[in-house]
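Before any comments, here is the structure.
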Amino acid sequence: MSSSSLHGSCFCKKIQLELSGEPHAIALCHCTDCRKISGSVYTLNFIVSTTDLRISGSSPAENPKTSDSGKRYVNYFCGDCGSPLYGGAVDESGKLQTAVVRAGCFDDLEVLKGKKPSVEIYTAQRLEWILPVEGAAQFEGECSLGRGAKM
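Sequential numbering from 0 applies to the sequence shown in numbering that gives the first Met the number 0.
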């Protein structure tokens, strides 16, 4: 990712996000939760430090739950149009530890070109007709992504 910021929004554009800095990873997730959140068979996510993510406009709605891994996780989405924006594991105080930004919210498709995933997680739940991404690390469950990031 270049040093310039990436911009995104929800479908109705009431919530905007700006992402600066380099992601810890670009990940495909095949877990049940991500399938339900996205309405698709997997999600493409930019894993970033919370300090690199800025939200403006309306405040996102929150959907807290216990993830497949047993951790407290909060998903943030637009309460008006329902677009999933980001999520992440939270600590005991409810503070987001690392942001998992849904790649579909980026406004510029060019941002995603050449942004091949570096990791695939929950591959044990991947559908058999979906091939592994060549060169991406494969994990049957969650993994540590370095710099304290987990997904």
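Ideal placement from N, C-alpha and C gives every residue a C-beta, glycine not left out. Please read these numbers as outputs of a predicted model, since none were measured by experiment.
Status (buried if at least 16 other CB within 10 Å, exposed otherwise) for residue i
i      : result
Phe10  : exposed
Pro63  : exposed
Ile120 : buried
Within-8 Å CB hit, residue i to chain C
i     : result
Cys11 : Considering every chain present, this structure includes no chain C. It has just one protein chain.
Residue i vs residue j beta-carbon contact at 8 Å
i      : j      : result
Leu18  : Val40  : no
Tyr75  : Leu52  : no
Ala102 : Leu108 : no
Ala98  : Thr49  : yes
Val73  : Glu91  : no
Endpoints, beta strand (DSSP E) assigned at residue i
i     : result
Met8  : A small correction: the amino acid at residue 8 is Ser; Met does not occupy that position in the sequence shown. Leu5 to Ser8 is the span of the beta strand (DSSP E), which, as asked, contains Ser8.
Thr31 : Here Thr31 belongs to no beta strand (DSSP E); instead the alpha helix (DSSP H) covers Thr31 to Ser37.
Leu43 : Thr42 to Ser48
For residue j and residue i, the rounded distance between their alpha carbons
i     : j      : result
Ala26 : Gln15  : 22 Å
His6  : Glu21  : 14 Å
Gly87 : Gln96  : 7 Å
Cys28 : Lys115 : 13 Å
Three or more C-beta pairs below 8 Å linking the region 126-134 and the region 68-86 = Judged by Cβ distances under 8 Å, the region 126-134 makes no contact with the region 68-86, as fewer than three pairs qualify.
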